[in-house]
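Taken in sequence, the protein lines are chains A and B. Residue numbering for the first sequence follows our numbering, starting at -9 and increasing by one per position. Residue numbering for the second sequence follows our numbering, starting at 16 and increasing by one per position. No residue lacks a Cβ here, since even glycine has one placed at the ideal position from N, Cα and C. A quick note: this is a predicted structure, and the numbers were derived from the prediction, not measured. What follows is a short report on a single structure.
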Amino acid sequence: MKLIYSQLQKLLPDLNVVPQKLRDDLTMIGHFTNYFEEIENEIVFDLDIKVNRGDCLGYFGIAKDLGVYYNIPLLVPQITLPKTLENLDIPIEIKSNDVKRVLALKLSNIKVADSPEWLKKVLSLHGINSINNIVDATNYIMLFYGIPSHAFDTAKTTPYLIWENNNNRFDKFTSLDGSILDLNKETLLISNQKDALSLSFIGGNNSGIDSNTQEIIVEMAIYNRSRVRKDSRSLKTVTEASIRLEKDLDTETIPMAFDQLINLIIDLGSGQITSNLFEKYLVKPEIPQIEFNAQKPSITSGINIPIDFVLDVLNRLGCKIEKTGELFLVTPPSIRPDITMEADLVEEVVRFFGYQNIPITEPLAFKDVTDITPKEIYLIDELKDKLVDLGYDEVLTWPLVSKPVDPKTVITTQNSINTESIYLRQSLIPSLQEQQDQYERLKLFSTQFFEIGKIFFQEGDKYIEKNSLGIYNSKAENLVSDLEKLGIKGKIVDKKYVEIILDDLPKPNSYAPQVKNFKAYELTSQIITLDANVSFSDEKDPVELIKHYSEIIGDKYLWQLIITDIYKDTKSNQFRYTFRASYFNIDDKTAKDIHLKSFGLKN
Amino acid sequence: MDQKLEQILNQYQEKIAQIVTDKDLETTRIELFGRNGLFNDLFTKMKDIEPQDRRSYGQNLNVIKNELERLMALQSQKVEKTVKTKVENQENIKALPKIGHLHPVTQTERQLNALFKKLGFSVYNSPEIVTDEFNFERLNVPKNHPARDMQDSIYIKEPEYLLRTQTSTIESYLLKAKSGDLPIRAAFPGSVYRNEKVNRSNHFVFHQYQAVVVDKGLTMKDLISTMDLMFKTLYGPEVVVRYRAKYYPEVEPGVGPDMQCFNCHGKGCPICKYAGWIEMGGSGMIHPKVLKSAGIDPNIWSGFAFGMGLDRWTMAQKNIKDIRTLMGGNLAYKPNEL
Chain A
-9 MKLIYSQLQK LLPDLNVVPQ KLRDDLTMIG HFTNYFEEIE NEIVFDLDIK VNRGDCLGYF
51 GIAKDLGVYY NIPLLVPQIT LPKTLENLDI PIEIKSNDVK RVLALKLSNI KVADSPEWLK
111 KVLSLHGINS INNIVDATNY IMLFYGIPSH AFDTAKTTPY LIWENNNNRF DKFTSLDGSI
171 LDLNKETLLI SNQKDALSLS FIGGNNSGID SNTQEIIVEM AIYNRSRVRK DSRSLKTVTE
231 ASIRLEKDLD TETIPMAFDQ LINLIIDLGS GQITSNLFEK YLVKPEIPQI EFNAQKPSIT
291 SGINIPIDFV LDVLNRLGCK IEKTGELFLV TPPSIRPDIT MEADLVEEVV RFFGYQNIPI
351 TEPLAFKDVT DITPKEIYLI DELKDKLVDL GYDEVLTWPL VSKPVDPKTV ITTQNSINTE
411 SIYLRQSLIP SLQEQQDQYE RLKLFSTQFF EIGKIFFQEG DKYIEKNSLG IYNSKAENLV
471 SDLEKLGIKG KIVDKKYVEI ILDDLPKPNS YAPQVKNFKA YELTSQIITL DANVSFSDEK
531 DPVELIKHYS EIIGDKYLWQ LIITDIYKDT KSNQFRYTFR ASYFNIDDKT AKDIHLKSFG
591 LKN
Chain B
16 MDQKLEQILN QYQEKIAQIV TDKDLETTRI ELFGRNGLFN DLFTKMKDIE PQDRRSYGQN
76 LNVIKNELER LMALQSQKVE KTVKTKVENQ ENIKALPKIG HLHPVTQTER QLNALFKKLG
136 FSVYNSPEIV TDEFNFERLN VPKNHPARDM QDSIYIKEPE YLLRTQTSTI ESYLLKAKSG
196 DLPIRAAFPG SVYRNEKVNR SNHFVFHQYQ AVVVDKGLTM KDLISTMDLM FKTLYGPEVV
256 VRYRAKYYPE VEPGVGPDMQ CFNCHGKGCP ICKYAGWIEM GGSGMIHPKV LKSAGIDPNI
316 WSGFAFGMGL DRWTMAQKNI KDIRTLMGGN LAYKPNEL
């Protein structure tokens, strides 16, 4: 979410910290702020709002938090609306149980026009296009209070509005932007009996405001957030309104936000109120009374947080506090539906006291606690070490595969990442074969590797997981002897692969695995292999030669250096060594240049 | 046999028998069997032979070619014996011994397991196919809770069975299984699954590491100090980590560790998205509802949990740019290098 510093200061006139500090403080109290930037002479912050803080999807909620943190007053706008010109009740009916609270008013003699520059700029900095002064006013108030609203052109509808669930009355809905949405049976919408005029989170194109609009009905409502979430998901449409309405919003804030909206519309569009206020308050918030031990923030944090500070923070948050014996009875403000229990109050106090005030001291000391390590973990660690000692490399492959080994027992995912990889693997061998194919494409030969991972089966309605070991060795004869060294048996497939179910093997009571730092590389191109013949007048130690030339070539590009042949020419008494050097992550020409230079050869 | 072919045979029988150097042997081989050699030429010219004679000509040509190849092979052995001495025991000296390697993710897991073992932690694990109850409900994420939007799950049988989306799910199993055997100290590396499109930066399966403690009198100070030890073990003693308020439904208070950006040292750069800090994972005091749902009395016992993703750390360590490399991709190890 974007946050403009100057807009925040409208609610917090005493806010006067440098942007960098504000960014860091917002982050420390839980609103992770990625960055701030100066755009059109405004400081704009980009922050993430926690999913349980719907109140912070508007300036008002963020300002409340900052007011508590900096201990500065929050300026709550005081609005007095002009009286209605007509004693008229708007015919509105609420048929849906998903509506919590609705406020609505009719305004006449509206002059639709472009918005003033300040409003266009604020919306633009939030990534919202300016439409006209009426629509922009609703969007501005949404940004300010986090509560969406909507305006209907009464000339295009009738003054009659019904909040209802679709119940298959309407098949399709055309939104303001012209998208045609297929409605579901339960979709929450606003109709005039004849047409669907709006959904809970997006207006329709049949009742929108345009340059001819003269009379409007403005409504602000909060719904059952699950309904909005389901509608938004099922219709695959996400709007600024749906993002907010699918959170727990405060129905008690509606009158203040609505009054400011009407005031702003009159201010921008010269309209007049021509109806009585319609209000239906169907679901009031259940505000808990929480027993609170004021010592608890200190007990939980491990540092001393004075009780005066604890109570002051809760007070500044808008909580009502009563003392009952040793404890307090705390009633949180309705704007904070996320505060329901003592732990929530503790978190509030600690975050405003400042996590940075919790010192980093000694970690937990050793404690002799019962070892609950499952024995198969010891077996897996032991086998990995033994395989590495035998020269095998560990690989990891995808647990989702495209072909079942046994279609009768395969487990199929319902919503996989693509249409191919939909099965949970039943064997490691096909995955190891794919890994070997990939190595061959990279021109990596003489490989030997293993994987230990889960394989999956379905038996009736039971899902079964087994730990499995899969091994590949490009030299079939070595695979057989290595299995003997490991003391395990398994069915060899294609001479070079074997798979063993670990659950069936005896397990050690304990094992301390080796901790080593092995290098690993991301190959971005094929391995390039080049030969070189080098002659010496005396016989050399081949291992020393390999080390010597490896150093000359350097670690950056050399994959492997071996000697493929050594000959002694009896006539010249020269020893000729044939080297085979493999280069990685390098193009052919560079490899050749390095090769020739390193072995002192001519092109 | 064609007279010309017989002449060729005789001529080269004699020539081959006289070869004494490997250089001459190679020259003759190219002369006879090279791309522009005699036999290629003769086979090409077969089209000029009368159709009725073509078959027998071809058969004879093959007989002569095979014979000369045999003679070349025989002479090759003589040449080596008389002119050069092949050094013995080559099989043992051609290359340094092949060395095996653990996967980088396993290396990190073991490094952390070893650290926590010293503090009395066990290593734990649990199934990867899990129920909604263990993945969400027991972690204080009831149905329709907004936190469910934080994760896109891969379902086996919606809504009941899914692939675990986080290592906190292992915590659910752990707390249930060991609630009668307190205190608990356990750490668990594990694969977790999300319905993410696989690309350079995202994968549907990735690796997390989590540690959980349930005991009496635990505090946030214990949590932060122990977690800090983990980061110092991985990143070195100079690493700067800040601990801030963060929301996770299974903990309260929630704590988010951020590491000061290694590239810009807090000033802001593209790597840290100009924040100056990099998010490292999540942690907090175990939520009383989570303890309660496992049958642990939160008025007597407290707990903390912290976790981090292993893939990005591993990628940074091994200079891996593409997350796909870690799983069945282009990850490879030099055969002779530790």
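If you draw a straight line from the Cα of glutamine 68 of chain A to the Cα of phenylalanine 191 of chain A, it is about 28 Å long. Close to chain A, meaning a Cβ-Cβ distance shorter than 9 Å, are the following residues of the stretch 242 to 265 of chain B: Met242, Asp243, Leu244, Met245, Val256, Arg257, Tyr258, Arg259, Ala260, Lys261, Tyr262, Pro264.
Against chain B, the beta carbon of tyrosine 453 of chain A has neighbours under 7 Å at Ile144, Ile171, Tyr176, listed in chain order. The C-alpha of glutamate 372 of chain A is placed about 21 Å away from the C-alpha of alanine 510 of chain A.
When the beta-carbon positions are compared, serine 139 of chain A and methionine 246 of chain A stay at least 8 Å from each other.
Proximity of chain B to threonine 351 of chain A at the Cβ level (cut-off 8 Å) is accounted for by Lys236, Ser240, in chain order. Note that the stretch 86 to 96 of chain A does not touch the stretch 158 to 171 of chain A; fewer than 3 beta-carbon pairs, one per stretch, sit closer than 8 Å. Shown here, glutamate 366 of chain A sits in a helix according to DSSP, grouped into three states. Across the structure, proline 394 of chain A and valine 400 of chain A are spaced so that their CA atoms are roughly 6 Å apart. Its chain contains Gly269 as the residues whose beta carbon lies nearer than 6 Å to that of tyrosine 262 of chain B, once the 5 sequence neighbours on both sides are disregarded; these appear in chain order. Residues of chain B whose Cβ lies closer than 7 Å to the Cβ of glutamine 425 of chain A are, in chain order, Gly343. Between lysine 236 of chain B and glycine 443 of chain A, the C-beta gap is not smaller than 8 Å, which leaves the two residues out of contact.
Beta-bridge partners of histidine 116 of chain B (DSSP): A:Asp383.
Taking the Cβ atoms as the reference, leucine 20 of chain B lies roughly 11 Å from asparagine 77 of chain B, outside the contact range of under 8 Å. When Cβ-Cβ separations below 8 Å define contact, serine 216 of chain A makes contact with chain B. In the DSSP assignment, methionine 210 of chain A falls within the beta strand (DSSP E) that extends over 206 to 213. Here the stretch 540 to 551 of chain A makes no contact with the stretch 495 to 502 of chain A; the two share fewer than three CB pairs at distances below 8 Å. Per DSSP, serine 288 of chain A is one residue of the alpha helix (DSSP H) stretching across 286 to 291. Neighbourhood of asparagine 123 of chain A in chain B, by CB distance below 7 Å: empty, with the nearest CB roughly 33 Å away.
C-alpha of asparagine 6 of chain A to C-alpha of threonine 248 of chain B: approximately 40 Å in a straight line. When DSSP reads this structure, tryptophan 292 of chain B sits in a beta bridge with B:Gln275. Taking 8 Å as the upper bound for CB-CB distance, threonine 514 of chain A and asparagine 575 of chain A are in contact here, some 5 Å apart. Here tryptophan 108 of chain A carries a helix assignment [DSSP, helix/strand/coil]. Those residues of the stretch 17 to 31 of chain A placed with their C-beta closer than 9 Å to a C-beta in chain B are Thr17, Met18, Ile19, Gly20, His21, Phe22, Thr23, Asn24, Tyr25, Phe26, Glu27, ordered along the chain. Non-local beta-carbon contacts of glycine 281 of chain B in its own chain, meaning distances under 8 Å to residues more than five positions away in sequence, involve Val255, Gln275, Gly291, Trp292 in chain order.
Here phenylalanine 134 of chain A is buried: its Cβ has 16 or more other Cβ atoms, across all protein chains shown, within 10 Å. The beta carbon of methionine 300 of chain B sits closer than 8 Å to some beta carbon of chain A. In terms of beta-carbon proximity, asparagine 6 of chain A stays away from the interface with chain B, with every pair separated by 8 Å or more. Under the criterion of beta carbons closer than 8 Å, phenylalanine 440 of chain A and leucine 414 of chain A do not qualify as touching, at roughly 20 Å. Around arginine 215 of chain B, the same chain offers Lys336, Asp337, Ile338, Arg339 as residues with beta carbons nearer than 8 Å, after the five sequence neighbours per side are excluded. For the stretch 382 to 395 of chain A, the set of residues with a beta-carbon nearer than 8 Å to any beta-carbon of chain B comprises Tyr382, Asp383, Glu384, Val385, Leu386, Thr387, Trp388, Pro389, Leu390, in chain order. Ranked by how close their Cα comes to the Cα of lysine 270 of chain A, the residues A:Glu281, A:Phe318, A:Ile212, A:Glu312 have A:Ile212 in first place. Of the residues A:Asp583, A:Leu225, A:Asp79, A:Leu380, the one whose Cα lies closest to the Cα of leucine 469 of chain A is A:Leu380. Nearest in C-alpha terms to isoleucine 114 of chain B, of all of A:Tyr382, A:Asn77, A:Glu366, is A:Tyr382. DSSP places histidine 222 of chain B in the strand class (E or B) of the three-state scheme. Listed as beta-bridge partners of serine 572 of chain A by DSSP are A:Thr519, A:Gln550.
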